[in-house]
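Here's the structure we're looking at; comments come further down.
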Amino acid sequence: MATLSTARRVVIKIGSALLVDRASGALRADWLHALAEDVAWLKSLGADVVLVSSGSIALGRGVLGLGGSDLPLEQSQAAAAVGQIRLARAYEEALAPHGLTTAQVLVTLEDSTDRRRYLNSRATMETLLSLGVVPIVNENDTVATDEIRYGDNDRLAAQVAVTVEADQLILLSDVDGFYSANPQTDPGAHRYEVIDAITPEIEAMAGDGVSGLSKGGMITKLMAAKMATAAGCAMAITEGSAMRPLTALEGGANATWFRPQGDPQAARKRWIAAMKPRGQITVDAGAARALGQGKSLLPAGVAQVTGKFGRGDPVAICDAAGRKLGQGLSRYTADEAAAIRGCRSDQIEGVLGYPGRAALIHRDDMAV
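First residue of the sequence shown: 2, per the working numbering; consecutive thereafter.
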């Protein structure tokens, strides 16, 4: 079973019911500051931490006096606009005393389904984490409509975990794990300690959520577990209302762990390798050697570009003899790649007229 103290990169999802008092609509500041202690503890162990936090609409509706009933889209977006700035400030104030810098990252479903946006989001998150920042991720409820919504932060958290190649995803919830039935209505329901695989029988056990503030029920948590574990990320569901819930989880608090199916990086490489390439990039001997050593593909090593592809599209990488060396996601269009082939990184802006990324295909986006 996974333990937080050994995690390399952790994504933590925080539900509205934990962060916002249901009766008053006010932030539970004491709880948030205790959570910040847990985040600081994980950071001290060398782990990267990403927080996926609900709460902007719940906070905003309290400020605007919109009550507890379901809101029409316009009022939800207005509440989110008011609540987001308060939510970001609350996290900043909670984590700053521990010397931790925060960043607000607002996303929509389109950001993960469109390959170009996905690559941009991934590059931004990787840069933030490399700088020691704790990103605070939320769905961009001020602009997201039903067609471009995740609709719940369980699946959003799983997508973030896949994007940043996390090895652990923790869903802090209003339940302490996955049960065979709803424990509030079935006294015979039992909690699973570990789930090795999500079978149809497990799926049939999922019921609806019981929280008045949280949108995600157990079904969405199972969907999140499927997404995360398939990408090699372990996932836990645990009750989060206690002070320092992550320390409690490490100390043996009730939880259900879903075992990962392999390694996050290996799963991502398999995903890239399985794509149908939209074009081909032929590299010189020096670049071929560099790729074999696990390095990124730079424009300087590109000899030829064929096919029509956009940013984020998969392309085959071949040597001068036509042998396929691997496959990767291009950070440039075919026209851009052709224009900068053979160029050093410091020459890219002069050729394209705008600054570009140093690597044409980054090693993390490549299966060799």
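Where is the CB? At the ideal position from N, CA and C, for every residue including glycine. Since we're looking at a predicted model, the values are computed, not measured.
**Report entry** Which listed residue (E94, I199, A27, R10) has its alpha carbon closest to that of A18
**Finding:** A27
Query raised in the report: From which residue to which residue does the alpha helix (DSSP H) around K227 run?
Result: 219-231
Query raised in the report: Of the choices E94, G68, L60, whose alpha-carbon is the least far from that of A81?
Result: L60
Requested in this report: Within its chain, find whatever has a CB closer than 7 Å to the CB of K227; leave out the 5 residues flanking it on each side and keep chain order.
Outcome: I199
Requested in this report: Could you please give me the residues that DSSP links to Y193 through a beta bridge?
Outcome: Per DSSP, none; premise fails for Y193.
Requested in this report: Please classify E240: does DSSP put it in a helix, a strand, or coil?
Outcome: strand
**Report entry** R332 vs R345 beta-carbon contact at 8 Å
**Finding:** no
Report task. From the DSSP output, in three-state form, read off Y333 for me. Result -> coil
Query raised in the report: Which of helix, strand or coil does DSSP assign to T200?
Result: coil
Query - A274 versus G84 - alpha carbon distance - result: 41 Å
Query - Length of the line joining the Cα atoms of M367 and Q78 - result: 38 Å
Query raised in the report: Are E251 and S6 close, meaning C-beta to C-beta below 8 Å?
Result: yes
**Report entry** Limits of the alpha helix (DSSP H) - the one that P136 falls within
**Finding:** Segment 135-140 is the beta strand (DSSP E) holding P136; no alpha helix (DSSP H) there.
Query - Straight-line Cα distance separating G218 from V211 - result: With a pLDDT of only 39 at V211, under the threshold of 50, the placement of this residue in the model should not be trusted; the figure read from the coordinates follows. Rounded to the nearest angstrom, the two C-alpha atoms are 7 Å apart.
**Report entry** Collapsed DSSP secondary structure at K44 in the structure displayed
**Finding:** helix
Report task. Provide the residue span of the beta strand (DSSP E) that contains K14, from first to last. Result -> 10-15
Report task. Assign V197 to one of two classes, buried (16 or more other C-beta atoms within 10 Å of its C-beta) or exposed (fewer than that). Result -> Here residue 197 is Asp; the residue named in the question, Val, does not match the sequence. Result: exposed.
Report task. Tell me whether M367 sits in a helix, a strand or coil according to DSSP, three-state version. Result -> strand
Query raised in the report: How big is the Cα-Cα spacing for P246 and L173?
Result: 8 Å
Report task. Would you list the residues sitting across from Y180 in a DSSP beta bridge? Result -> R192
Query raised in the report: Can you tell me where the alpha helix (DSSP H) with D155 in it begins and where it stops?
Result: 154-164
Requested in this report: Within the same chain, show all residues whose beta-carbon is closer than 7 Å to that of G327, passing over the 5 residues directly before and after it, in chain order.
Outcome: L292, I318, M367, A368, V369
Requested in this report: Following the continuous alpha helix (DSSP H) through S371, name the residue where it begins and the one where it ends.
Outcome: A question about residue 371 goes unanswered here, because the residues of the chain that appear run from 2 up to 369.
**Report entry** Span of the alpha helix (DSSP H), counted from its first residue to its last, around Q78
**Finding:** 74-96
Query raised in the report: So what does DSSP say about G357, is it helix, strand or coil?
Result: coil
Query - Same chain, Cβ closer than 8 Å to K309, five either side skipped, listed in chain order - result: R279, G280, A335
Query raised in the report: For E166 versus R271, is the C-beta spacing smaller than 8 Å?
Result: no
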